[in-house]
Structures are given as structure tokens and as C-alpha cells.
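*Asks:* Before I ask anything, let me first share the structure, which is written out below as C-alpha cells.
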Amino acid sequence: MVLVNLSSSVIFILLLVVAGRFSFGTVLLSLAAAWVIGNWASPLVQRHLTTDSDVGDLVITGAEARLRPVRFFGGTAMLPAEVFVSTRSATGPILAEVVRP
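First residue of the sequence shown: 2, per the working numbering; consecutive thereafter.
Shown next as C-alpha cells:
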């Protein structure tokens, strides 16, 4: 999403400069338009340009959940905030990994 929003914003602002319509209001409108386009176009860009869909050669070697404290009803609970998945190529060499105790 960041890639599409940033590139859309830069394109819109450059078009404003070239057209001679560069002002605070038009910059805000161009950023809003870039945000709308980014929400729509990001899944398409990720699916077709930035992510390889051929995962047949990958093997999952581990998964780690990082917890974060969440407060509700006067208490605190630890809920997963991020999940990191380690992979390697099934045909490639096994690499040593240093694990902290």
C-alpha cells in the first residue's frame, strides 16, 4: 500500500506543478485521491508485481508470534500483534540459525 500511495502522490503533485495549479488545497486533494487509489490498487500491485506467487519450492521452517498487551475491562491481556514465518527453499541448503535462549 505504501508503494502505490507514494507513487500516486508523487505523480499527482508533479502533474499539479506541470499544470501550474500547485497550491495547498490541490495538494490535499491529490493526497486524498492517492489514498483512495492506493486502497484500491495496492492488492493488484502486490498480486501482479511485487509478490511471487510460485511458492511450491518453499518449506516453512518456523513461526513466531509477537505478543502485545491489550487493555480492556480494567485488565490486560497479551494478544498476538505480529506473526513472523521463516521459510527456506526445499532444494537449497539448510542454513544454520542462531537462536537466543
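Backbone N, C-alpha and C define an ideal beta-carbon position, used for all residues, glycine too.
Could you have a look at residue 93 and say whether DSSP puts it in helix, strand or coil?
*Replies:* In this structure, residue 93 counts as coil in the three-state DSSP scheme.
*Asks:* Compare the Cα-Cα distances from residue 18 to each of 57, 6, 31 and report the closest residue.
*Replies:* When each option's Cα is compared against that of residue 18, the closest is 31.
*Asks:* Compare the Cα-Cα distances from residue 115 to each of 93, 26, 25, 13 and report the closest residue.
*Replies:* Residue 115 lies beyond the range of the chain shown here (2 to 102); nothing can be said about it.
*Asks:* Cβ of residue 86 within 7 Å of Cβ of residue 66?
*Replies:* No. Outside cutoff.
*Asks:* Any idea which residues DSSP pairs residue 65 with across the strands?
*Replies:* Residue 65 pairs with 85.
*Asks:* Closest to residue 50 by C-alpha separation, out of 99, 4, 9, 13, would be which residue?
*Replies:* Nearest of 99, 4, 9, 13 to residue 50, Cα basis: 4.
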